[in-house]
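**Q** In terms of the working numbering, the sequence shown opens at residue 40 and continues consecutively. The beta-carbon is built from N, C-alpha and C at its ideal position, and this holds for glycine as well. Got a structure for you, questions after.
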Amino acid sequence: MTRAEQDTRQELWHGTTILSVRKGDRVVIAGDGQVTLGATVIKANARKVRPLGDGSVIAGFAGATADAFTLFERLEAKLEQHPGQLTRACVELAKDWRTDRYLRRLEAMMAVADSEVSLVLTGTGDVLEPDEGLIGIGSGGSYALSAARALLDIDGLDAEAIARKALDIAAGICVYTNTNVTLESLPTGESLPTSESLPTSD
C-alpha cells in the first residue's frame, strides 16, 4: 500500500462518530451521517448503524466503509454459528481478525450490543466491554462519550435522548461529525429493534 493510499484510508477512518448508550430498559447505538475525505464532505447522510442477523443485535462502525461491511458480514456469520451468544461470536471474530491475513488489513472499529451486553471490537482484534454501558468510537467518539457520561444520571433522560443530545454536542466540536443521526435501539431483555433516522434538535 502506498503512502497516499494509507493517508486516504486514515482520513476516512476519522470521518465518523458512533455512540452506544445503555440505560434502564433500552440500549441504543447511534451514529452521525457524515463521510469526510480530507477536508471535503463527500456524504452527509451515510447510514453507519444497522441491525444484524435476526435483529437481536445492533451495530455501528467507524472506519473504511468497505472494511466495516466485511466485518458486519463476518460477525453475522459468527452469530449464525453461535445464536444468542454475542460475546462468543465477537471473540470468535476477534480470533479470525488476529490470524487471517486479509482481516488484519481491515481498518475499522465496531460497537455492538444486544439486550444483555455492549462490546467494542477494535482494529487490533480485541473485544472490550466498556464501563457503564457507554461506547464512543470514531473521530468524535471521545466528545460524545464524555457528554453521554455527564448526562447518564439525569432523571428523565432515557438512552435515546442521551445518545441524541451527546451526538449533537459532539457535532458542535468535531468537524468530521454532523447532526444527521441514525439510531437503532433494543429493549434490554428482549430482541425486537426499532430504528429511526432523524436530525438532532438544535
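Please report the distance separating the alpha-carbon of T227 from that of G99.
**A** Rounded to the nearest angstrom, the two C-alpha atoms are 18 Å apart.
**Q** Compare the beta carbon distance of A189 and A209 with 8 Å and say whether it is the shorter of the two.
**A** Not closer than 8 Å, so no.
**Q** Below 8 Å, can you find three or more Cβ-Cβ pairs linking the region 165 to 175 to the region 129 to 143?
**A** Because the criterion of three Cβ pairs below 8 Å is met, the region 165 to 175 and the region 129 to 143 touch.
**Q** Applying the 10 Å Cβ sphere with the 16-neighbour rule, what's the burial state of T221?
**A** Flag for T221 reads buried.
**Q** Hey, G92 and L118 are a contact pair by Cβ (cut 8 Å); roughly how many whole angstroms apart?
**A** Rounded, the Cβ-Cβ distance is 5 Å, consistent with contact.
**Q** State yes or no: is the C-beta of A198 within less than 8 Å of the C-beta of V60?
**A** Yes. Within cutoff.
**Q** Buried or exposed, going by whether 16 or more other CB atoms sit within 10 Å of the CB of R140?
**A** Exposed, by the Cβ-count rule.
**Q** Can you give the beta carbon distance from A69 to A152, rounded, assuming they're within the 8 Å contact cut?
**A** Actually they do not touch by this definition, with Cβ atoms about 11 Å apart.
**Q** Name the DSSP bridge partner or partners of I97?
**A** The partner list for I97 (beta bridge, DSSP) reads P90, A152.
**Q** I'd like the span of the beta strand (DSSP E) that includes R65, first residue to last.
**A** Element bounds for R65: 65 to 70.
**Q** For E223, count the other beta carbons within 10 Å of its own beta carbon; 16 or more makes it buried, fewer makes it exposed. Which is it?
**A** By the 10 Å Cβ count, E223 comes out buried.
**Q** Mind checking who R61 pairs with in its DSSP beta bridge?
**A** For R61, which the question treats as bridged, DSSP gives the partners V66.
**Q** Please specify which runs of the alpha helix (DSSP H), each continuous and at least 4 residues long, are wholly inside the region 194 to 235, giving them in chain order.
**A** Whole alpha helix (DSSP H) segments, 4+ residues: 198 to 210.
**Q** Taking the alpha carbon of T126 as the reference point, which residue from L225, T104, F108, E155 has its own alpha carbon closest?
**A** Nearest of L225, T104, F108, E155 to T126, Cα basis: E155.
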